[in-house]
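In UniProt numbering, the protein residues as written are 1 to 318.
Cβ atoms here follow ideal geometry from the backbone N, Cα and C, with glycine treated the same way.
Comments concern the structure below.
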């Protein structure tokens with residue numbers, strides 16, 4: 001598993017991180033969860049991405065992860081990167097969401113209690129809060145570092161202008177800001193196109209890409225057609241604005257390039273995200289070991305020649 005660095009910081013991640021957004025809620029089976037987490041770690045995935053609202057059921061993914069960690073992985077804590085986030089709905093009332101000082105501090109305290117941890121390695125403001133000043137959010141994150149509750153801080157779902165407002169304050173405070181976590185895949189490149197990647201490069205921070213397979217679109221699953229009821233994350237829904245047929249034709253063309261590289265479409269889709277060094281890691285989820293192992297195969301061929309990149313770019317821009 002390749003290890004990649006966020007800018008010139010000491011923060012390093014495996015090329016593939018394990019995300020616990022889906023399949024780890026109130027009805028999740030402990031034995032299955034234990035199995036997939038341990039297999040991920042054995043495959044070189046030492047980065048585990050959580051959030052207060054991951055479940056389904058507030059805090060359920062954190063609670064389940066904490067159980068596995070303390071029973072099986074506590075001896076490896078210093079080898080692991082454990083991250084969590086706050087900002088989407090966590091509990092009733094005005095402080096159960098967004099990025100006020102009270103919401104961020106209370107949520108991290110709850111997350112640490114659920115996971116049974118003294119600290120996390122990175123704590124994110126999960127989404128931009130238009131009604132709270134960047135100063136309040138940034139200072140709260142900085143204070144959590146000073147309190148020893150997180151080693152690094154990040155932001156998630158921030159646009160380039162929103163991110164830069166935070167980066168300026170982090171620089172003034174000398175806050176160890178390392179990461180902007182955003183929705184990014186071959187079909188959804190909004191974050192790269194709005195200048196965010198360039199801003200992170202200039203400020204020695206990295207990108208953590210979530211939704212890398214567009215909820216299965218960039219796999220073999222829909223090569224025979226995309227049904228009308230396909231479920232896709234809110235951040236990628238715009239890709240269907242010109243109809244599903246157009247996306248399907250792109251998938252066919254991309255699949256041909258993948259086969260010429262000796263890869264499945266999903267492998268190439270993950271590898272392509274990592275061809276840009278600013279992308280420090282790609283978050284993938286899996287509820288079964290075979291899905292996990294399929295994702296890991298992507299790192300076997302991360303090299304693209306200029307002709308391949310040009311051909312992929314032409315397909316995606318068509």
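- In the structure shown, residue 16 falls within a strand segment according to DSSP collapsed to helix, strand and coil.
- In the structure shown, the three-state DSSP call for residue 276 is coil.
- Along the stretch 148 to 194, the beta strand (DSSP E) occurs as fully enclosed runs of 3 or more residues at 150 to 156 and 177 to 183, listed in sequence order.
- Taken in chain order, the complete beta strand (DSSP E) segments of 3 residues or longer contained in the stretch 38 to 117 are 47 to 49 and 81 to 86.
- Distance check between residue 108 and each of 148, 5 and 295 places 148 closest, using alpha-carbon atoms only.
- Straight-line measurement puts the Cα of residue 318 at about 14 Å from the Cα of residue 309.
- Just so you know, the alpha carbons of residue 256 and residue 63 end up roughly 42 Å apart.
- The shortest CA-to-CA distance from residue 282 to any of 9, 7 and 14 is the one to 14.
- If you draw a straight line from the Cα of residue 115 to the Cα of residue 242, it comes to about 44 Å.
- Exclusion of the five residues before and after residue 164 leaves 199 as the residues of its chain whose Cβ lies within less than 6 Å of its Cβ.
- In this structure residue 98 is in contact with residue 132, their Cβ atoms being roughly 6 Å apart against a cut-off of 8 Å.
- For residue 200, the enclosing alpha helix (DSSP H) covers residues 196 to 202.
- Following the DSSP letters along the chain, one finds residue 257 in no beta strand (DSSP E) but inside the alpha helix (DSSP H) bounded by residues 244 to 260.
- In the same chain as residue 102, and ignoring 5 residues on each side of it, the C-beta atoms closer than 8 Å to its own belong to 95, in chain order.
- A distance below 6 Å between beta-carbons, with the five flanking residues on each side excluded, links residue 43 to the following residues of its chain, in chain order: 296.
- Boundaries of the beta strand (DSSP E) around residue 120: 120 to 125.
- In this structure, the CA atom of residue 144 is about 21 Å from the CA atom of residue 130.
- Within its own chain, the residues whose Cβ lies closer than 6 Å to the Cβ of residue 191, once the five positions on either side in sequence are excluded, are 182 and 184, listed in chain order.
- The DSSP-derived three-state label of residue 284 is strand.
- Less than 7 Å separates the beta-carbon of residue 214 from that of residue 236.
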